[in-house]
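For reference, the structure discussed in these notes is given below.
Number of protein chains: 2
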Amino acid sequence: MEAPEKATNVTWHAHQVNRAERARIKGHGAAVLWFTGLSGAGKSTIANAVETLLNERGVHTYLLDGDNVRHGLNGNLGFSAEDRVENIRRLGEVAKLMVDAGLVTLTAFISPYRADRARVRELLEPGEFIEIHCDTPLATCEARDPKGLYRKARAGEIRDFTGIDAPYETPEAPELVLDSGARDVAALAREVVHYLETHGIVGAADSAA
Amino acid sequence: MEAPEKATNVTWHAHQVNRAERARIKGHGAAVLWFTGLSGAGKSTIANAVETLLNERGVHTYLLDGDNVRHGLNGNLGFSAEDRVENIRRLGEVAKLMVDAGLVTLTAFISPYRADRARVRELLEPGEFIEIHCDTPLATCEARDPKGLYRKARAGEIRDFTGIDAPYETPEAPELVLDSGARDVAALAREVVHYLETHGIVGAADSAA
Chain A
1 MEAPEKATNV TWHAHQVNRA ERARIKGHGA AVLWFTGLSG AGKSTIANAV ETLLNERGVH
61 TYLLDGDNVR HGLNGNLGFS AEDRVENIRR LGEVAKLMVD AGLVTLTAFI SPYRADRARV
121 RELLEPGEFI EIHCDTPLAT CEARDPKGLY RKARAGEIRD FTGIDAPYET PEAPELVLDS
181 GARDVAALAR EVVHYLETHG IVGAADSAA
Chain B
1001 MEAPEKATNV TWHAHQVNRA ERARIKGHGA AVLWFTGLSG AGKSTIANAV ETLLNERGVH
1061 TYLLDGDNVR HGLNGNLGFS AEDRVENIRR LGEVAKLMVD AGLVTLTAFI SPYRADRARV
1121 RELLEPGEFI EIHCDTPLAT CEARDPKGLY RKARAGEIRD FTGIDAPYET PEAPELVLDS
1181 GARDVAALAR EVVHYLETHG IVGAADSAA
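Those protein sequences? They're chains A and B, same order as listed.
Take 1 as the starting number for the first sequence in our numbering and just add one per residue.
Take 1001 as the starting number for the second sequence in our numbering and just add one per residue.
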């Protein structure tokens, strides 16, 4: 359908802007912070807190979550096994594009299956996929139950709910494990930013503007 | 599957980083430069030239083209009518996310159907979708034939090739019309950048670093 194109009368010698140049004008590296865990485990809350800390330092970020992909890019997917795989696959591919664009990209989805997360990791270069297990105990998540989904799942009103009647496959070697039942969100967010600093993805706070 | 999450013990009052803040640290606005036209019309070449000019000014960009989406995000799509619609739909949704991330986003796809392009325009806010018709005459595109695709299409070796045995629906009200058969790529790229300047999306050259 489409072929690379060359003008025959080109006086411009096309120089493709590459990832290194996109990184240069941003002043930092890029990676995916992939938050995974039960509903109510704090994924979106921590991701938002991390994004805020990074933004204050002038780090270029983007957060993919249900709000911006469920009715858009993944709006034509349902909840079949096949669609759940495709859901995570597309998120992984978009995260990869965002990283290629030079952004510190955050995602906040339950993403309960190891195989799906492993496929996203494989899409990226070593060190670019930072799996963050929000390991808040189920009892705490269920006590929070911000949207009443656990209650509905227990009542049998919704089915295949992760942690109740569908599995959550615990990450075997996540880069970070965070328990928002044990520590406050601000401390957890600082831990994530510290990880980015010690791994050379963003500069330390005192070297940033 | 997923619900917005709130920690019950939040000491951090989550402040969502919004598009305005992402724009602030970038120092410019965001939009989609949607290049459309026949194979060989110069879409990718001009888009690359525009991206280079913008990058030299420190403008944060991303170029979506066949190289980074065909085997990735859209790797599970073929060439059926349904898949072609879905191809452009996903590109539009990703472009929308990139614009939300604050990037000047360039796309270089034939995108021959008006209805598909109109749907992408509708996804975006007024002024954010900049349709650029690469209106190089078919004869010029065919004479260039960088990958020999026109020759194959004429020989009947490939079918449904835009401009030969599949329609290209000319944009009715594109923001820009460029003919790479009549003017050189550098001049056309400057025209695109000038459009961004006069519409307040990027600063004028002398005000940029």
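Glycine included, C-beta positions come from ideal geometry on N, C-alpha and C.
For residue i and residue j, what's the separation of their Cα atoms in angstroms?
{"i": "A:Gly148", "j": "A:Thr140", "result": "13 Å"}
{"i": "B:Leu1063", "j": "B:Ala1081", "result": "25 Å"}
{"i": "B:Thr1036", "j": "B:Arg1119", "result": "14 Å"}
{"i": "A:Glu2", "j": "A:Glu86", "result": "Note that A:Glu2 scores 43 on pLDDT, short of 50, meaning its location in the model is unreliable; the coordinates nonetheless yield the value given after this. So the two alpha carbons sit approximately 24 Å from each other."}
{"i": "A:Val94", "j": "A:Val69", "result": "10 Å"}
{"i": "A:Ala182", "j": "A:Asp65", "result": "24 Å"}
{"i": "A:Ala49", "j": "A:Arg144", "result": "19 Å"}
{"i": "B:Val1202", "j": "B:Val1059", "result": "8 Å"}
{"i": "A:Ala101", "j": "A:Gln16", "result": "13 Å"}
{"i": "B:Ala1041", "j": "B:Thr1107", "result": "14 Å"}
{"i": "B:Gly1200", "j": "B:Lys1152", "result": "44 Å"}
{"i": "B:Glu1051", "j": "A:Ser39", "result": "40 Å"}
{"i": "A:Glu142", "j": "A:Tyr150", "result": "6 Å"}
{"i": "B:Val1027", "j": "A:Glu131", "result": "For clarity, residue 1027 of chain B is Gly in the given sequence; the question names Val instead. Roughly 31 Å separates the two Cα atoms."}
{"i": "B:Ala1020", "j": "B:Glu1125", "result": "14 Å"}
{"i": "B:Phe1129", "j": "B:Ser1180", "result": "21 Å"}
{"i": "A:Arg121", "j": "A:Ala31", "result": "11 Å"}
{"i": "A:Phe79", "j": "A:Ala204", "result": "41 Å"}
{"i": "A:Asp165", "j": "B:Pro1146", "result": "56 Å"}
{"i": "B:Arg1089", "j": "B:Thr1136", "result": "25 Å"}
{"i": "A:Leu33", "j": "A:Arg190", "result": "13 Å"}
{"i": "B:Phe1023", "j": "B:Gly1029", "result": "Looking at the sequence shown, residue 1023 of chain B is not Phe but Ala. B:Ala1023 and B:Gly1029: Cα-Cα distance of roughly 6 Å."}
{"i": "B:Met1098", "j": "A:Gly72", "result": "13 Å"}
{"i": "A:Thr61", "j": "A:Ser44", "result": "14 Å"}
{"i": "A:Arg159", "j": "A:Asp67", "result": "22 Å"}
{"i": "A:Ala173", "j": "B:Thr1198", "result": "51 Å"}
{"i": "A:Arg84", "j": "A:Phe161", "result": "13 Å"}
{"i": "B:Gly1092", "j": "A:Ile110", "result": "25 Å"}
{"i": "A:Asn18", "j": "A:Gly127", "result": "19 Å"}
Quick one: list the residues of chain B neighbouring residue i, beta-carbon separation under 8 Å, in chain order.
{"i": "A:Arg90", "result": "Leu1073, Arg1090"}
{"i": "A:Gly58", "result": "Ile1025"}
{"i": "A:Leu138", "result": "Within 8 Å Cβ-Cβ: nothing; A:Leu138 doesn't reach chain B, min ~14 Å."}
According to DSSP, is residue i part of a helix, a strand, or is it coil?
{"i": "B:Leu1196", "result": "helix"}
{"i": "A:Gly37", "result": "strand"}
{"i": "B:Ala1139", "result": "helix"}
{"i": "A:Val17", "result": "coil"}
{"i": "A:Val185", "result": "helix"}
{"i": "B:Val1202", "result": "coil"}
{"i": "A:Ala173", "result": "coil"}
{"i": "B:Ala1023", "result": "helix"}
{"i": "A:Arg190", "result": "helix"}
Find out if the Cβ-Cβ distance for the pair residue i, residue j is shorter than 8 Å.
{"i": "A:Leu77", "j": "A:Lys96", "result": "no"}
{"i": "A:Ile25", "j": "B:Asn1055", "result": "yes"}
{"i": "B:Gly1156", "j": "B:Leu1138", "result": "no"}
{"i": "A:Arg114", "j": "A:Glu169", "result": "yes"}
{"i": "A:Val177", "j": "A:His133", "result": "yes"}
{"i": "A:Arg117", "j": "A:Pro171", "result": "yes"}
{"i": "A:Leu196", "j": "A:Ile46", "result": "no"}
{"i": "A:Phe53", "j": "A:Val193", "result": "The displayed chain sequence assigns Leu, not Phe, to residue 53 of chain A. Yes; because the gap between Cβ atoms is below 8 Å, this pair is in contact."}
Find the residues of chain B that neighbour residue i, judging by a C-beta separation of less than 7 Å, and give them in chain order.
{"i": "A:Leu103", "result": "Ala1101"}
{"i": "A:Val94", "result": "Leu1073, Val1094, Leu1097"}
What residue range is occupied by the uninterrupted alpha helix (DSSP H) comprising residue i?
{"i": "A:Ile51", "result": "Note that residue 51 of chain A corresponds to Glu in the displayed sequence, not to Ile. From DSSP, the alpha helix (DSSP H) with A:Glu51 extends over 43–56."}
{"i": "B:Asp1100", "result": "1081–1100"}
{"i": "B:Ile1132", "result": "Not the alpha helix (DSSP H): B:Ile1132 falls in the beta strand (DSSP E), residues 1129–1134."}
{"i": "B:Tyr1150", "result": "1149–1154"}
Kindly indicate the opening and closing residues of the beta strand (DSSP E) around residue i.
{"i": "A:Leu178", "result": "176–178"}
{"i": "B:Val1104", "result": "1104–1108"}
{"i": "A:Tyr113", "result": "A:Tyr113 -> no beta strand (DSSP E), and no H or E assigned at all."}
{"i": "B:Tyr1062", "result": "1061–1065"}
Using the beta-carbon of each residue, which ones in chain A are nearer than 9 Å to residue i?
{"i": "B:Thr1061", "result": "Val17, Arg22, Ala101"}
{"i": "B:Glu1191", "result": "What B:Glu1191 touches in chain A: nothing, since even the nearest Cβ is about 13 Å away."}
Report the neighbours of residue i on chain B: residues whose CB is nearer than 9 Å to its CB, in chain order.
{"i": "A:Leu176", "result": "Correct list: empty, because the minimum Cβ distance to chain B is about 17 Å."}
Cβ closer than 7 Å: which chain A residues qualify as neighbours of residue i?
{"i": "B:Glu1051", "result": "Val17"}
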